[in-house]
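Below is one structure, written out as C-alpha coordinates, with a few remarks after it.
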Amino acid sequence: MKIFSTFDEQYQGVYLANFDNCPFYQTPTEYETELDKIQDQLQDPLFVRNFIKSSKSGWKQGAYKNRSLLFLTTEILQEAGDLFDKLDEISEESQNGDCFETLFDEFVELSKSERYHDPGRRKMYTYDYGSLLRLYGVSVGNDAIVITGAGIKLVDKMDTEPLKLELDKMTYLKSWLKQENITDSTEL
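Numbering (the working numbering), first residue to last: 3 to 190.
Here's what the structure looks like:
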(Lines of atoms letter the chains of each structure in order from A; the text may use other names.)
(Lines give C-alpha, C1' and ligand atoms only; values in the text may rest on other atoms or scores of the structure.)
Protein backbone atom coordinates (compact mmCIF):
# COMPACT_ATOMS: atom_id res chain seq x y z
CA MET A 3 0.00 0.00 0.00
CA LYS A 4 1.32 3.42 -0.92
CA ILE A 5 -0.17 6.81 -0.11
CA PHE A 6 0.67 9.86 -2.24
CA SER A 7 0.12 13.52 -1.42
CA THR A 8 -1.59 15.87 -3.86
CA PHE A 9 0.75 18.79 -3.04
CA ASP A 10 4.42 19.15 -2.14
CA GLU A 11 4.93 19.59 1.60
CA GLN A 12 1.31 18.61 2.25
CA TYR A 13 0.22 18.18 5.85
CA GLN A 14 -3.56 17.69 5.50
CA GLY A 15 -6.32 17.33 2.93
CA VAL A 16 -6.72 14.88 0.06
CA TYR A 17 -4.27 11.99 -0.39
CA LEU A 18 -4.22 9.27 -3.05
CA ALA A 19 -3.98 5.48 -2.70
CA ASN A 20 -1.98 2.97 -4.69
CA PHE A 21 -2.80 -0.65 -3.91
CA ASP A 22 0.47 -2.50 -4.51
CA ASN A 23 0.45 -5.31 -1.94
CA CYS A 24 -3.28 -5.85 -1.56
CA PRO A 25 -4.17 -9.57 -1.79
CA PHE A 26 -7.30 -9.05 -3.93
CA TYR A 27 -6.57 -5.94 -6.00
CA GLN A 28 -3.58 -4.12 -7.52
CA THR A 29 -3.58 -0.59 -8.92
CA PRO A 30 -2.67 -1.12 -12.59
CA THR A 31 1.04 -0.45 -13.12
CA GLU A 32 0.40 2.17 -15.80
CA TYR A 33 -1.14 4.41 -13.11
CA GLU A 34 0.60 5.94 -10.12
CA THR A 35 -2.60 6.21 -8.07
CA GLU A 36 -6.23 5.15 -8.13
CA LEU A 37 -7.17 8.74 -8.96
CA ASP A 38 -5.00 8.61 -12.10
CA LYS A 39 -6.82 5.44 -13.13
CA ILE A 40 -10.32 6.74 -12.58
CA GLN A 41 -9.58 10.08 -14.25
CA ASP A 42 -8.41 8.19 -17.32
CA GLN A 43 -11.31 5.74 -17.34
CA LEU A 44 -14.20 8.04 -16.45
CA GLN A 45 -13.25 10.57 -19.12
CA ASP A 46 -12.95 7.94 -21.85
CA PRO A 47 -16.27 7.66 -23.75
CA LEU A 48 -15.53 4.11 -24.94
CA PHE A 49 -14.69 2.88 -21.42
CA VAL A 50 -17.82 4.49 -19.94
CA ARG A 51 -20.07 3.13 -22.71
CA ASN A 52 -18.65 -0.40 -22.46
CA PHE A 53 -18.92 -0.38 -18.67
CA ILE A 54 -22.58 0.65 -18.76
CA LYS A 55 -23.34 -2.05 -21.36
CA SER A 56 -21.62 -4.74 -19.26
CA SER A 57 -23.62 -6.85 -16.85
CA LYS A 58 -21.34 -5.60 -14.06
CA SER A 59 -22.91 -2.13 -14.13
CA GLY A 60 -26.36 -3.28 -13.05
CA TRP A 61 -27.87 -0.92 -15.65
CA LYS A 62 -30.75 -3.21 -16.66
CA GLN A 63 -31.62 -4.08 -13.04
CA GLY A 64 -31.21 -0.66 -11.47
CA ALA A 65 -33.02 2.63 -11.24
CA TYR A 66 -31.71 3.71 -14.66
CA LYS A 67 -32.92 0.68 -16.65
CA ASN A 68 -35.25 2.86 -18.74
CA ARG A 69 -32.54 5.38 -19.64
CA SER A 70 -30.72 5.04 -22.94
CA LEU A 71 -27.07 4.10 -23.23
CA LEU A 72 -26.37 7.41 -24.97
CA PHE A 73 -28.06 9.40 -22.19
CA LEU A 74 -26.16 7.61 -19.41
CA THR A 75 -22.81 7.82 -21.21
CA THR A 76 -23.24 11.55 -21.84
CA GLU A 77 -24.35 12.21 -18.26
CA ILE A 78 -21.45 10.26 -16.76
CA LEU A 79 -18.85 11.95 -18.96
CA GLN A 80 -20.22 15.39 -18.01
CA GLU A 81 -20.40 14.42 -14.37
CA ALA A 82 -16.82 13.09 -14.41
CA GLY A 83 -15.47 16.46 -15.53
CA ASP A 84 -17.45 18.21 -12.80
CA LEU A 85 -16.40 15.65 -10.18
CA PHE A 86 -12.70 16.10 -10.88
CA ASP A 87 -13.06 19.91 -10.91
CA LYS A 88 -14.79 19.69 -7.54
CA LEU A 89 -12.04 17.44 -6.16
CA ASP A 90 -9.38 19.93 -7.33
CA GLU A 91 -11.19 22.74 -5.49
CA ILE A 92 -11.51 20.66 -2.32
CA SER A 93 -7.84 19.65 -2.49
CA GLU A 94 -6.76 23.28 -2.72
CA GLU A 95 -9.22 24.56 -0.08
CA SER A 96 -8.15 21.85 2.35
CA GLN A 97 -4.63 23.31 2.49
CA ASN A 98 -5.88 26.52 4.12
CA GLY A 99 -5.84 25.98 7.88
CA ASP A 100 -8.76 24.00 9.31
CA CYS A 101 -9.89 21.60 6.60
CA PHE A 102 -12.35 19.60 8.72
CA GLU A 103 -15.48 21.28 7.34
CA THR A 104 -14.19 21.33 3.76
CA LEU A 105 -13.48 17.60 3.76
CA PHE A 106 -16.37 16.31 5.82
CA ASP A 107 -19.07 18.46 4.24
CA GLU A 108 -18.15 16.92 0.89
CA PHE A 109 -17.09 13.39 1.89
CA VAL A 110 -20.01 11.83 3.76
CA GLU A 111 -20.37 8.43 5.41
CA LEU A 112 -21.50 5.58 3.19
CA SER A 113 -24.71 5.11 5.20
CA LYS A 114 -26.36 6.28 8.40
CA SER A 115 -25.49 3.04 10.21
CA GLU A 116 -21.86 3.39 9.19
CA ARG A 117 -21.76 6.80 10.85
CA TYR A 118 -21.97 5.11 14.25
CA HIS A 119 -20.78 1.54 13.82
CA ASP A 120 -17.92 1.68 11.32
CA PRO A 121 -16.74 5.23 10.70
CA GLY A 122 -14.03 5.96 8.18
CA ARG A 123 -15.31 4.85 4.79
CA ARG A 124 -16.55 7.92 2.92
CA LYS A 125 -18.07 8.94 -0.41
CA MET A 126 -18.37 12.17 -2.34
CA TYR A 127 -21.15 12.88 -4.80
CA THR A 128 -20.57 15.00 -7.87
CA TYR A 129 -23.69 17.05 -7.16
CA ASP A 130 -25.98 15.35 -4.66
CA TYR A 131 -27.48 12.02 -3.67
CA GLY A 132 -28.78 11.40 -7.20
CA SER A 133 -25.36 11.69 -8.85
CA LEU A 134 -24.29 8.79 -11.04
CA LEU A 135 -20.66 8.97 -9.88
CA ARG A 136 -19.21 8.52 -6.44
CA LEU A 137 -15.65 9.11 -5.33
CA TYR A 138 -14.66 6.79 -2.46
CA GLY A 139 -12.10 7.24 0.26
CA VAL A 140 -11.14 6.69 3.88
CA SER A 141 -10.86 9.40 6.49
CA VAL A 142 -7.62 9.64 8.44
CA GLY A 143 -8.17 11.58 11.64
CA ASN A 144 -10.01 14.86 11.22
CA ASP A 145 -7.81 16.35 8.55
CA ALA A 146 -7.32 13.89 5.69
CA ILE A 147 -9.10 11.71 3.15
CA VAL A 148 -7.31 9.03 1.13
CA ILE A 149 -9.02 8.49 -2.24
CA THR A 150 -9.39 4.76 -2.94
CA GLY A 151 -11.47 4.79 -6.11
CA ALA A 152 -14.75 5.73 -7.74
CA GLY A 153 -17.89 4.09 -8.93
CA ILE A 154 -20.58 4.49 -11.54
CA LYS A 155 -23.66 3.81 -9.44
CA LEU A 156 -26.66 2.71 -11.49
CA VAL A 157 -28.16 0.51 -8.73
CA ASP A 158 -29.69 1.26 -5.33
CA LYS A 159 -27.31 -0.77 -3.17
CA MET A 160 -23.60 -1.34 -3.57
CA ASP A 161 -24.12 -4.95 -4.60
CA THR A 162 -22.58 -5.09 -8.07
CA GLU A 163 -19.09 -6.56 -8.43
CA PRO A 164 -17.33 -3.22 -9.14
CA LEU A 165 -19.05 -1.46 -6.22
CA LYS A 166 -18.28 -4.34 -3.84
CA LEU A 167 -14.64 -4.04 -4.89
CA GLU A 168 -14.72 -0.34 -3.91
CA LEU A 169 -16.11 -1.30 -0.48
CA ASP A 170 -13.39 -3.94 -0.08
CA LYS A 171 -10.66 -1.46 -1.06
CA MET A 172 -11.86 1.01 1.58
CA THR A 173 -12.01 -1.72 4.22
CA TYR A 174 -8.51 -2.90 3.28
CA LEU A 175 -7.11 0.63 3.56
CA LYS A 176 -8.75 1.09 6.97
CA SER A 177 -7.12 -2.14 8.18
CA TRP A 178 -3.75 -1.16 6.71
CA LEU A 179 -3.87 2.27 8.39
CA LYS A 180 -4.67 0.60 11.71
CA GLN A 181 -1.90 -1.99 11.24
CA GLU A 182 0.61 0.78 10.43
CA ASN A 183 -0.69 2.83 13.39
CA ILE A 184 -1.51 5.80 11.15
CA THR A 185 -4.13 7.93 12.89
CA ASP A 186 -3.74 11.37 11.28
CA SER A 187 -2.22 13.08 8.27
CA THR A 188 1.10 13.83 9.97
CA GLU A 189 1.92 10.12 9.66
CA LEU A 190 1.09 9.80 5.95
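We treat Cβ as the ideally placed atom computed from N, Cα and C, and that holds for glycine.
Which residues share a DSSP beta bridge with Lys4? Asn20
Is the beta carbon of Thr35 closer than 8 Å to that of Lys88? no
Return yes when the Cβ of Leu134 is within less than 8 Å of the Cβ of Lys125, no when it is not. no
Which same chain residues end up closer than 8 Å to Ile147 when comparing Cβ atoms and leaving out the 5 residues on each side of it in sequence? Gly15, Val16, Tyr17, Leu105, Phe109, Arg124, Gly139, Val140, Ser141
Check for me: the beta strand (DSSP E) holding Tyr127 runs from which residue to which? 123–127
Over the uninterrupted alpha helix (DSSP H) stretch that includes Tyr174, give me the two end residues. 163–181
Residues bridged to Ser141 (per DSSP): Ile147
Applying the criterion that 16 or more other CB atoms from any shown protein chain within 10 Å of the CB defines a buried residue, is Tyr131 buried or exposed? exposed
Straight-line gap, Glu91 to Lys39 (C-alpha atoms, nearest Å): 19 Å
Could you check where the alpha helix (DSSP H) with Val50 kicks off and where it finishes? 47–55
Using C-beta distances below 8 Å, list every residue in its chain close to Glu163, excluding the 5 sequence neighbours before and after it, in chain order. Lys58
Please identify the residue among Tyr66, Thr29, Asn52 whose C-alpha is closest to the C-alpha of Leu156. Tyr66
Going by DSSP, which residues form a beta bridge with Val110? Lys125
In chain order, what residues of the same chain have a beta carbon less than 7 Å from the beta carbon of Gly60, not counting five sequence neighbours either side? Leu156, Val157, Thr162
Is Phe86 closer than 8 Å to Gln41 when the C-beta atoms are compared? yes
Please tell me whether Lys171 and Phe21 are closer than 8 Å, where the distance is taken between their beta carbons. yes
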